[in-house]
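Below is one structure, written out as structure tokens; the observations come after it.
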Ligand SMILES: Cc1ncc(COP(=O)(O)O)c(C=O)c1O
């Protein structure tokens, strides 16, 4: 299938425009020279909503669905540093919807949490340990709002529902189109993966229109079995929505594209090795990564290239999924790791 036919299939799902347009792809000349690969960066950190990031793409479809269902309030969840929660609150406010953010962790008045407050989002912070616990709180709030006559729309952690995944199917089409315009055939598309929606979209999109391109989705510390199960489920359900059943990936293909070993002890750990990578990319290319997602994914990319698992001469696209707010959320911790 070609990218236009894939995009046609997406048209039957409502979408609100939250992005400025396509995000740019830039050549990372200095890092390319050092790694002996051709490295390009897709600037999904510059989507144009709030601080930018991958959630804008998911929210275009999620909030399209919410508006079609005449909902008036959006509920979502995440860690206190959640980029997804911030993006959701910003998009909801812009569209005239109310936002309730269900967050876990220690609320300090900085970073994304501070930006959530500037948006006048309703924020509830819990001592939950996992995303699953947050899901229960969200459902409780959903019942409370329904009882009060509201029409809530519930978005799971990370916006990773099949409707959210449509955003990254569209991104896969965009990546292939831009590659053609640049006269480049990508060998690898590399991104961070956590709740699995971005990965599911990239895998399914590429498998459908560009099966020769190898996706490498680098885990950032979430339990691997949970991530694989989430991606598998999302791939299947989204393929059914778009009638792409023939293109569904096997468990082995999903496992092969899910790279472990760069989580540094678990989701949300802030470590010196990753801060070194953030400093390196900032110095070499003038681009800031974040300490929770893209910094760890880029650490993985550097390691795979140095070990020649990504062979010299490869054309590699790193998808910068955003998250710069995380640097400010953990400013003190990060500052203590600087030389
Ligand atoms: C900056 C950033 N990159 C990557 C991801 C991972 O995306 P996903 O949750 O779709 O796996 C997230 C998710 O929160 C994120 O905020």
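In this note's numbering, the protein residues as written are 2 to 340.
Ideal Cβ positions, reconstructed from N, Cα and C, are used throughout, including at glycine.
Only a predicted model underlies this, so the values are computations on that prediction, with no experimental measurement involved.
Task: Start and end residues, beta strand (DSSP E) containing residue 188 - done: Within the chain shown, residue 188 is the residue found at index 187, counting from 1. From DSSP, residue 188 is part of no beta strand (DSSP E); its letter is neither H nor E.
Task: Cβ-based neighbour list, residue 25, same chain, cut-off 6 Å, excluding 5 preceding and 5 following - done: In the chain shown, residue 25 corresponds to position 24, counting from 1. Only 44 meet the Cβ criterion.
Task: Burial state of residue 226, where buried means 16 or more other Cβ atoms lie within 10 Å - done: Along the chain shown, one-based indexing puts residue 226 at 225. When all chains shown are included, residue 226 counts as exposed.
- [ ] Please name the residue or residues paired with residue 319 in a DSSP beta bridge.
- [x] The count along the chain shown starts at 1 and reaches residue 319 at position 318. Looking at the DSSP assignment, residue 319 forms a beta bridge with 42 and 191.
Task: residue 72 - partner residues in DSSP beta bridges - done: Translated into the one-based positions of the chain shown, residue 72 becomes position 71. Beta-bridge pairing links residue 72 to no other residue.
Open item on the list: Three or more C-beta pairs under 8 Å: does that hold for the stretch 106-122 against the stretch 328-335?
Closed with: yes
Task: Where the alpha helix (DSSP H) containing residue 205 begins and where it ends - done: Stepping through the chain shown from its first residue, residue 205 is reached at position 204. Where residue 205 is concerned, the enclosing alpha helix (DSSP H) stretches over 198-210.
- [ ] Examine ligand 1 and report whether any of its heavy atoms sits within less than 7 Å of the Cβ of residue 323.
- [x] As a working mapping, residue 323 is identified with position 322 in the chain shown. The answer is yes for residue 323.
TODO: Using the DSSP secondary-structure output, state which residues sit across from residue 1 in a beta bridge.
DONE: The structure shown does not extend to residue 1, since the chain is modelled only from 2 to 340, so the question has no answer here.
Task: Closer than 7 Å: residue 200 CB and nearest ligand 1 heavy atom - done: To locate residue 200, count along the chain shown from 1; it is residue 199. Yes - ligand 1 has a heavy atom lying nearer than 7 Å to the Cβ of residue 200.
Open item on the list: Considering only DSSP beta bridges, list what residue 80 is partnered with.
Closed with: Translated into the one-based positions of the chain shown, residue 80 becomes position 79. According to DSSP, residue 80 bridges with 105.
Open item on the list: Starting from residue 125, trace the alpha helix (DSSP H) in both directions and tell me its first and last residue.
Closed with: Taking the chain shown and counting its residues from 1, one reaches residue 125 at position 124. No alpha helix (DSSP H) holds residue 125; the beta strand (DSSP E) holding it covers 123-127.
TODO: For the alpha helix (DSSP H) containing residue 281, list its first residue and its last residue.
DONE: Position 280 of the chain shown, counted from the start, is the residue given in the question as residue 281. That run of the alpha helix (DSSP H) goes 273-286.
Task: Sequence-distant residues of its chain with Cβ nearer than 6 Å to residue 10 (five each side left out) - done: Sequence index remark: in the chain shown, residue 10 carries index 9 (1-based). For residue 10, where only same-chain residues beyond five positions count, the Cβ hits under 6 Å are 243.
Open item on the list: One question on the structure: do residue 132 and residue 84 come within less than 8 Å of each other, judged by their Cβ atoms?
Closed with: Working through the chain shown from its first residue, we reach residue 132 at position 131. Working through the chain shown from its first residue, we reach residue 84 at position 83. No; because the gap between Cβ atoms is not below 8 Å, this pair is not in contact.
Task: residue 220 - partner residues in DSSP beta bridges - done: As a first step, residue 220 must be located in the chain shown, where it is residue number 219. DSSP, once it has assigned bridges, lists 194 as partnering residue 220.
Open item on the list: Taking the straight line between their C-alpha atoms, what separation do you get for residue 253 and residue 210?
Closed with: As a position in the chain shown, residue 253 is number 252, starting the count at 1. As a position in the chain shown, residue 210 is number 209, starting the count at 1. Distance between the alpha carbons of residue 253 and residue 210 is about 20 Å.
Open item on the list: Quick check: does the Cβ of residue 258 come within less than 7 Å of any heavy atom belonging to ligand 1?
Closed with: Residue mapping note: residue 258 aligns to position 257 of the chain shown, counting from 1. No - ligand 1 has no heavy atom lying nearer than 7 Å to the Cβ of residue 258.
Open item on the list: Is the separation between the beta-carbon of residue 279 and that of residue 289 shorter than 8 Å?
Closed with: Within the chain shown, numbered from 1, the residue matching residue 279 stands at position 278. Within the chain shown, numbered from 1, the residue matching residue 289 stands at position 288. Contact flag set, yes.
Open item on the list: Check this for me: beta carbons of residue 216 and residue 203, under 8 Å apart or not?
Closed with: Position 215 of the chain shown, counted from the first residue, corresponds to residue 216. Position 202 of the chain shown, counted from the first residue, corresponds to residue 203. It is a contact, given that the beta carbons lie within the stated cut-off.
Open item on the list: Once DSSP output is grouped into helix, strand and coil, what is the label at residue 297?
Closed with: Looking up residue 297 in the chain shown gives position 296. DSSP places residue 297 in helix when its eight states are reduced to three.
Open item on the list: Is residue 295 a contact residue of ligand 1, with contact defined as CB to any heavy atom under 7 Å?
Closed with: By 1-based counting over the chain shown, the position of residue 295 is 294. The answer is yes for residue 295.
- [ ] Sort out for me which residues DSSP pairs residue 311 with in a bridge.
- [x] As a working mapping, residue 311 is identified with position 310 in the chain shown. Per DSSP, none; premise fails for residue 311.
Open item on the list: For residue 267 and residue 117, what's the separation of their Cα atoms in angstroms?
Closed with: As a position in the chain shown, residue 267 is number 266, starting the count at 1. As a position in the chain shown, residue 117 is number 116, starting the count at 1. About 25 Å.
Task: Local conformation of residue 263 per DSSP, three classes - done: Translated into the one-based positions of the chain shown, residue 263 becomes position 262. Three-state result, residue 263: coil.
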